[in-house]
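Below you'll find the structure, written out as C-alpha cells, and then a few comments.
There are 2 protein chains.
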Amino acid sequence: MTTIKDIAKAAGVSITTVSRALNGYSDVNEKTRQKIIEIAKQLNYSPNTLARGLVMNKSKTIGLLVSGLTRESTKDNFTFEVLAGVNQYVSEVDYDMVLFSTTSTKQREKTYTQLCRERRVDGAILQGIRVDDPYLQEVVESNIPCVLIDIPIESETVGYVTTDNVLGAKKAVQHLISLGHRHIAMINGYEFAFVSEQRLKGFQEALFEAGLPFHEHLVANGAFKEERAEQEAVRLLTQHPEITAFFCASDLMALGVMKAAKTLGKRIPEEIAIIGYDDIILASYTTPPLSTIAQNKFAMGYEAAKLLIEMLEGKAQSHIKILETELKIRESTVKNHG
Amino acid sequence: MTTIKDIAKAAGVSITTVSRALNGYSDVNEKTRQKIIEIAKQLNYSPNTLARGLVMNKSKTIGLLVSGLTRESTKDNFTFEVLAGVNQYVSEVDYDMVLFSTTSTKQREKTYTQLCRERRVDGAILQGIRVDDPYLQEVVESNIPCVLIDIPIESETVGYVTTDNVLGAKKAVQHLISLGHRHIAMINGYEFAFVSEQRLKGFQEALFEAGLPFHEHLVANGAFKEERAEQEAVRLLTQHPEITAFFCASDLMALGVMKAAKTLGKRIPEEIAIIGYDDIILASYTTPPLSTIAQNKFAMGYEAAKLLIEMLEGKAQSHIKILETELKIRESTVKNHG
DNA sequence: ATAAAAATCCAAAACGTTTCGGATTTTGTT
DNA sequence: AACAAAATCCGAAACGTTTTGGATTTTTAT
Numbered sequence: 001m002t003t004i005k006d007i008a009k010a011a012g013v014s015i016t017t018v019s020r021a022l023n024g025y026s027d028v029n030e031k032t033r034q035k036i037i038e039i040a041k042q043l044n045y046s047p048n049t050l051a052r053g054l055v056m057n058k059s060k061t062i063g064l065l066v067s068g069l070t071r072e073s074t075k076d077n078f079t080f081e082v083l084a085g086v087n088q089y090v091s092e093v094d095y096d097m098v099l100f101s102t103t104s105t106k107q108r109e110k111t112y113t114q115l116c117r118e119r120r121v122d123g124a125i126l127q128g129i130r131v132d133d134p135y136l137q138e139v140v141e142s143n144i145p146c147v148l149i150d151i152p153i154e155s156e157t158v159g160y161v162t163t164d165n166v167l168g169a170k171k172a173v174q175h176l177i178s179l180g181h182r183h184i185a186m187i188n189g190y191e192f193a194f195v196s197e198q199r200l201k202g203f204q205e206a207l208f209e210a211g212l213p214f215h216e217h218l219v220a221n222g223a224f225k226e227e228r229a230e231q232e233a234v235r236l237l238t239q240h241p242e243i244t245a246f247f248c249a250s251d252l253m254a255l256g257v258m259k260a261a262k263t264l265g266k267r268i269p270e271e272i273a274i275i276g277y278d279d280i281i282l283a284s285y286t287t288p289p290l291s292t293i294a295q296n297k298f299a300m301g302y303e304a305a306k307l308l309i310e311m312l313e314g315k316a317q318s319h320i321k322i323l324e325t326e327l328k329i330r331e332s333t334v335k336n337h338g
Numbered sequence: 001m002t003t004i005k006d007i008a009k010a011a012g013v014s015i016t017t018v019s020r021a022l023n024g025y026s027d028v029n030e031k032t033r034q035k036i037i038e039i040a041k042q043l044n045y046s047p048n049t050l051a052r053g054l055v056m057n058k059s060k061t062i063g064l065l066v067s068g069l070t071r072e073s074t075k076d077n078f079t080f081e082v083l084a085g086v087n088q089y090v091s092e093v094d095y096d097m098v099l100f101s102t103t104s105t106k107q108r109e110k111t112y113t114q115l116c117r118e119r120r121v122d123g124a125i126l127q128g129i130r131v132d133d134p135y136l137q138e139v140v141e142s143n144i145p146c147v148l149i150d151i152p153i154e155s156e157t158v159g160y161v162t163t164d165n166v167l168g169a170k171k172a173v174q175h176l177i178s179l180g181h182r183h184i185a186m187i188n189g190y191e192f193a194f195v196s197e198q199r200l201k202g203f204q205e206a207l208f209e210a211g212l213p214f215h216e217h218l219v220a221n222g223a224f225k226e227e228r229a230e231q232e233a234v235r236l237l238t239q240h241p242e243i244t245a246f247f248c249a250s251d252l253m254a255l256g257v258m259k260a261a262k263t264l265g266k267r268i269p270e271e272i273a274i275i276g277y278d279d280i281i282l283a284s285y286t287t288p289p290l291s292t293i294a295q296n297k298f299a300m301g302y303e304a305a306k307l308l309i310e311m312l313e314g315k316a317q318s319h320i321k322i323l324e325t326e327l328k329i330r331e332s333t334v335k336n337h338g
C-alpha cells in the first residue's frame with residue numbers, strides 16, 4: 001500500500017510538499033505539483049482516510065441511525081427510500097454513510113452518543129425513532145450534529161426534515177368530503193409519533209372548515225400496523241354503520257382497512273372509500289389501487305443529508321426543511337378514475 | 001473528548017497499561033484493571049476507532065457495494081432486504097457497514113479498489129453487479145476480500161452466496177406441469193445475469209424429466225423489467241395461443257405478464273397460470289396473489305456478511321454458501337388455494 | 001536467604017496524514 | 001547591485017491508539 005512517504009521519496013521532495021500538492025495548496029510550484037500527481041497515479045496511491053481523519057478530527061462520514069430495520073419491516077420500505085436518498089446526496093459530496101440499526105439485537109448496549117463518537121461520524125441522521133425513545137433525549141443533550149426525520153426538535157446542533165402533515169391530512173380529508181362523504185373515520189398511528197398528532201389535527205381542520213362535526217369515537221388507534229388497523233376498522237364499521245369513508249395515517253393501515261371492508265362484504269369505493277398516507281409501492285398494486293397522500297421519502301433522505309452536511313460545514317441557513325405532499329387519487333376513493 | 005492518556009493520568013499508570021487493561025490482556029493486575037475501567041466509565045471514555053484502525057491496519061468495517069440504488073429501484077426491494085440481513089449480522093459481531101452505491105451519479109470516478117482502500121474497509125459485499133460490470137474484473141484481481149451475491153466466482157479472497165437457481169426454477173416448472181400444463185412459456189432476465197442462465201437450465205430440466213419438448217421460441221427475454229415482460233407476454237400469447245402457463249425469472253416480470261393476460265382478457269389462473277421468482281412483497285398483494293419461488297433475501301445478506309467476516313478472520317471453511325428456495329403456491333396458479 | 005520464575009508495569013516506536021513556523025530560493029524594484 | 005517581497009519548500013510535532021522488548025517488583029522454590 002503506497003503512502004505519501006513513498007511518493008515523497010520518488011519525487012525527491014518532502015512529505016509536506018506531497019500533502020500540500022495533493023490537497024491543492026497554492027504554495028507549491030505547478031510543475032512539481034504535476035510531477036507529484038503523476039507519480040501518485042503511477043504508484044496507484046489512495047489516501048488513508050483513517051490517518052487523515054485522526055489528525056483532522058473529522059471523518060467525512062455520517063451515520064444513519066434507524067430503528068427497526070428487521071426482516072419484517074421491509075414491507076414498509078419507508079426506511080429504504082430514505083436511505084437511498086441519503087446515500088444519493090452523500091455520494092454527491094463525497095461523504096460516506098454508515099448504517100446503525102438500533103433494535104437489532106438490543107444487546108449492543110451502546111448509547112447513541114457512544115456509537116457516534118466511537119465510529120467517529122461527523123453527524124447523524126435519525127429515522128424511525130419514537131418520541132419516547134431514550135435515544136432522543138441523548139441527541140438533544142449531546143453536541144453531535146444531527147438531523148431528525150419527522151420529529152420537530154431544533155437546537156444549535158439539531159435540525160429536522162419533515163413534511164407538512166397537517167396540510168397533507170387536510171388534503172386527504174378534503175378529497176373525501178368533496179366526494180360527498182359526511183361520516184369519515186380515521187385510523188391513526190400510535191400516540192408516540194409526532195406525525196400522528198399532526199395528521200389528526202389536519203383531519204379536524206378539514207372537518208371544521210367544511211362545517212362537519214368531529215366525533216372522537218370515529219378515531220381509532222391502529223399503531224401503524226396492518227392487522228391492528230383491520231381489527232379497528234371492523235369494530236368501527238359494526239359500531240358505526242354510518243361511516244362511508246376512512247382516512248388512514250399510513251398506507252399499511254389502509255391495507256388493513258381494505259381487508260376489513262372485504263371481510264364485511266362492503267364494496268370499495270362504492271360503499272366504503274379509503275385513503276392512505278405515504279404512497280408505498282404496494283398502494284398502486286392493490287385492488288382497487290389505493291388513493292393516498294404521497295410523501296417523497298427519497299427526497300426526505302436527500303434533504304436530510306444535505307441539511308446535515310450544510311450544518312457540519314457551517315453553511316446552513318435554517319435547520320428546518322419542510323417538504324410538500326401530493327394527493328394521489330386512485331380507485332379506492334373514485335371508481336374508474338383516469 | 002477523553003482519551004486513553006487522560007485515563008492514564010487519572011489512574012496514575014502508563015497509557016500502555018490502560019490500553020492493555022481495557023483490551024483484556026492478562027499482564028495487568030486485576031485491581032488496577034478495575035480501577036481503570038471505573039475511571040474510564042466516569043470520564044465517559046470511548047475509544048477512537050480511527051486511531052485504532054490506523055495502527056492495527058484494519059477498521060472492523062465492511063463495505064456493501066450495490067449497483068443501482070436509485071429512486072426507481074425501490075420497487076424491487078431485493079437490495080433492501082439483503083442490506084437488512086447484512087446489517088443484522090454485522091451488528092451482532094460489532095462490525096460496521098458502510099454503503100457504496102455505484103451508479104448514483106457515476107461522476108464518482110473511483111474504482112472499486114480505490115473505494116475500498118480509501119475508506120479502509122476490511123472487505124466488501126457486492127450485490128446487483130452484472131456479469132459484464134467492470135467492477136467485477138477488479139474484484140478478482142484485487143486482493144481485497146469480498147463476497148459476491150449471485151455470482152459464482154471463487155478464489156483465495158473471493159467467495160459467494162447464492163441460491164440453487166436450477167432447482168428453484170425446476171420446482172416452479174414441475175409445479176406447473178403437475179397442474180396439467182403442457183405448453184409453458186418462460187420470461188427470462190437479461191443474458192448478463194448468472195441467475196438467468198441457471199433458471200433457464202432448471203426450466204429445461206423440468207421439461208425434459210417430464211418428457212416434454214423444449215421450444216426455444218417459447219422463451220423470451222424480459223430484461224427483469226415489468227413493461228418489457230408485458231410486451232413479450234403479449235407477443236408470445238398472440239403468436240403461440242397454445243400457451244397455458246408462464247414461468248417468469250422474477251416477480252416483477254410476472255406482474256407484467258399478469259397485466260398482459262388481463263389486457264388480452266385471459267383469466268388467471270383458469271386460462272393462464274403464472275408463477276414468478278423472488279417472492280417480493282407485492283407478490284402476495286396482487287389479484288390474484290402470485291405463486292412464486294421464494295428466496296430468503298434477508299438470509300442471503302446475513303450469510304454473505306457472515307461468510308465475509310469469517311474469511312477476514314481466517315476461519316472460513318468454505319467460500320461458498322448456497323441457500324434453499326421455497327415454492328409458494330398462491331392463486332395465480334391454483335384457484336382458491338388454501 | 002537466595003536464586004529462579006512469575007507477575008506487573010512502562011518507554012518508545014509505529015501507523016499515515018496535516019499543519020505550524022520557519023528556511024531557502026526566486027523574483028521584482030530601485 | 002542590493003534589498004524587499006514573493007514563491008516555494010521542509011522539519012518536526014501532533015492526532016490516539018497498539019505493541020515490542022524490556023524493566024521492575026513480587027512470589028515461589030530451594
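Line by line, the protein sequences are chains W and Y.
Read in order, the letters of the first sequence correspond to residues 1 to 338 in UniProt numbering.
Read in order, the letters of the second sequence correspond to residues 1 to 338 in UniProt numbering.
A virtual CB, placed ideally from N, CA and C, is assigned to each residue, including glycine.
Using the beta-carbon of each residue, which ones in chain Y are nearer than 7 Å to Thr263(W)?
Locating residue 263(W) in the first sequence gives position 263, where the first residue counts as 1. Result: empty, since nearest Cβ-Cβ is about 16 Å, beyond 7 Å.
Take the Cβ of Tyr25(W) as the centre, count every other Cβ of all protein chains shown within 10 Å, and call the residue buried at 16 or more, exposed below.
As a first step, residue 25(W) must be located in the first sequence, where it is residue number 25. Counting Cβ neighbours within 10 Å, Tyr25(W) comes out exposed, since fewer than 16 surround it.
Residues of chain Y with CB closer than 7 Å to the CB of Gln114(W), please, in chain order.
Locating residue 114(W) in the first sequence gives position 114, counting from the first residue. The contacting residues are Ser46.
Does the Cβ-Cβ distance between Ile125(W) and Cys146(W) come in under 8 Å?
Taking the first sequence and counting its residues from 1, the one referred to as residue 125(W) is at position 125. Taking the first sequence and counting its residues from 1, the one referred to as residue 146(W) is at position 146. Taking 8 Å as the Cβ cut-off, Ile125(W) and Cys146(W) qualify as a contacting pair.
Against chain Y, with Cβ distances strictly below 8 Å, would Asp96(W) count as a contact?
Within the first sequence, the letter at position 96 stands for residue 96(W). By this cut-off, Asp96(W) is an interface position.
List, in chain order, every chain W residue whose beta-carbon is nearer than 8 Å to that of Asn143(Y).
As a position in the second sequence, residue 143(Y) is number 143, starting the count at 1. What Asn143(Y) touches in chain W: nothing, since even the nearest Cβ is about 11 Å away.
Out of His319(W), Gln295(W), Thr238(W), Lys306(W), state which residue places its alpha-carbon closest to the alpha-carbon of Thr325(W).
Locating residue 325(W) in the first sequence gives position 325, counting from the first residue. Nearest C-alpha to Thr325(W): Gln295(W).
Given 8 Å as the limit, is there contact between the segment 277-293 of chain Y and the segment 52-71 of chain Y, that is, 3 or more CB pairs closer than that?
Cβ pair count under 8 Å is below three, so no.
Whole angstroms is fine: what's the gap from Lys60(Y)'s alpha carbon to Glu138(Y)'s?
Mapped onto the second sequence, residue 60(Y) falls at position 60. Mapped onto the second sequence, residue 138(Y) falls at position 138. Lys60(Y) and Glu138(Y): Cα-Cα distance of roughly 22 Å.
List the residues that DSSP assigns as beta-bridge partners of Ser291(Y).
On the second sequence, position 291 is the one that residue 291(Y) refers to. Ser291(Y) is bridged to Ile275(Y).
Under a CB-based cut-off of 8 Å, is Thr2(Y) close to chain W?
Along the second sequence, read from residue 1 onward, the residue named residue 2(Y) stands at position 2. Not closer than 8 Å to any Cβ of chain W, the Cβ of Thr2(Y) fails to qualify, so no.
Check distances from the C-beta atoms of the UniProt domain "HTH cro/C1-type" (3-50) of chain Y to those of chain W and list, in chain order, the residues that come in under 8 Å.
Against chain W - using a Cβ distance shorter than 8 Å - the residues of the UniProt domain "HTH cro/C1-type" (3-50) of chain Y are Ser46, Pro47, Asn48, Thr49, Leu50.
For Arg228(Y), does the count of other Cβ atoms within 10 angstroms reach 16, so buried, or fall short, so exposed?
Counting from 1 along the second sequence, the entry for residue 228(Y) is found at position 228. It counts as buried.
Between the C-alpha atoms of Gln174(W) and Tyr302(W), what's the straight-line distance to the nearest angstrom?
As a first step, residue 174(W) is located in the first sequence; it is residue number 174 there, counting from the start. As a first step, residue 302(W) is located in the first sequence; it is residue number 302 there, counting from the start. Distance between the alpha carbons of Gln174(W) and Tyr302(W) is about 30 Å.
Look at the alpha carbon of Ser332(W) and the alpha carbon of Ala260(W), and state the distance between them as a whole number of angstroms.
Counted from its first residue, the first sequence places residue 332(W) at position 332. Counted from its first residue, the first sequence places residue 260(W) at position 260. When rounded, the distance between both Cα atoms is 14 Å.
In this structure, does DSSP put Leu187(Y) in helix, strand or coil?
Counted from its first residue, the second sequence places residue 187(Y) at position 187. Residue identity check: residue 187(Y) is Ile in the sequence provided, not Leu. If DSSP states are grouped into helix, strand and coil, Ile187(Y) belongs with the strands.
Give, in chain order, every residue of the segment 280-298 of chain Y whose Cβ lies closer than 7 Å to some Cβ of chain W.
So the list reads Ile281, Leu282, Tyr285, Thr286, Thr287, Phe298, given in the order they occur along the chain.
Beta-carbon within less than 8 Å of Ile322(W)'s beta-carbon, same chain only, minus the 5 sequence neighbours each way: which residues are those?
Position 322 of the first sequence, counting from 1, holds the residue named residue 322(W). Here the set comprises Val161, Thr162, Thr163, Asp164.
Quick check on the burial criterion: 16 or more other C-beta atoms within 10 angstroms. Buried or exposed for Lys297(W)?
The residue labelled residue 297(W) in the question sits at position 297 within the first sequence. Buried, because 16 or more other Cβ atoms sit within 10 Å of the Cβ of Lys297(W).
So, does the CB of Lys106(Y) fall closer than 8 Å to a CB anywhere in chain W?
Taking the first residue of the second sequence as position 1, residue 106(Y) is located at position 106. For Lys106(Y), the predicted structure reports a pLDDT of 49, less than 50, and the residue's modelled location is therefore unreliable. The matter cannot be settled from this model.
Using a 10 Å radius around the Cβ and a threshold of 16 neighbouring Cβ atoms, would you call Pro269(Y) buried or exposed?
The residue given as residue 269(Y) occupies position 269 in the second sequence. So Pro269(Y) ends up on the buried side.
From the DSSP output, in three-state form, read off Glu92(W) for me.
Locating residue 92(W) in the first sequence gives position 92, counting from the first residue. Correct three-state label for Glu92(W): helix.
Of all the options Thr17(Y), Ile39(Y), Pro47(Y), Glu38(Y), which has the alpha carbon lying nearest to the alpha carbon of Asn29(Y)?
As a first step, residue 29(Y) must be located in the second sequence, where it is residue number 29. Here the closest residue by C-alpha is Thr17(Y).
Is the beta carbon of Leu176(W) sitting closer than 8 Å to the one on Ala245(W)?
Counted from its first residue, the first sequence places residue 176(W) at position 176. Counted from its first residue, the first sequence places residue 245(W) at position 245. Result yes, Cβ atoms of Leu176(W) and Ala245(W) sit closer than 8 Å.
With DSSP as the reference, please indicate the residues paired to Lys5(Y) in a beta bridge.
Start at 1 with the first residue of the second sequence, and residue 5(Y) comes out as number 5. Looking at the DSSP assignment, Lys5(Y) forms no beta bridge with any residue, so it has no partner.
Less than 8 Å between CB atoms is the rule here; does Ala84(Y) satisfy it with respect to chain W?
Working through the second sequence from its first residue, we reach residue 84(Y) at position 84. Yes, because at least one Cβ of chain W sits closer than 8 Å to the Cβ of Ala84(Y).
Measure the C-alpha to C-alpha separation of Leu65(Y) and Arg117(Y) and round it to an integer number of angstroms.
Sequence index remark: in the second sequence, residue 65(Y) carries index 65 (1-based). Sequence index remark: in the second sequence, residue 117(Y) carries index 117 (1-based). Their backbone Cα atoms lie some 13 Å apart in a straight line.
According to DSSP, what are the bridge partners of Ser101(W)?
Taking the first residue of the first sequence as position 1, residue 101(W) is located at position 101. Paired residue(s): Val66(W).
Could you give the distance in angstroms between the alpha-carbon of Ala40(Y) and the alpha-carbon of Asn143(W)?
Your numbering for residue 40(Y) matches position 40 in the second sequence. Your numbering for residue 143(W) matches position 143 in the first sequence. Rounded to the nearest angstrom, the two C-alpha atoms are 20 Å apart.
Within the 8 Å Cβ cut-off, does Arg267(W) reach chain Y?
Position 267 of the first sequence, counting from 1, holds the residue named residue 267(W). Chain Y, which has no Cβ nearer than 8 Å to the Cβ of Arg267(W), makes this no.
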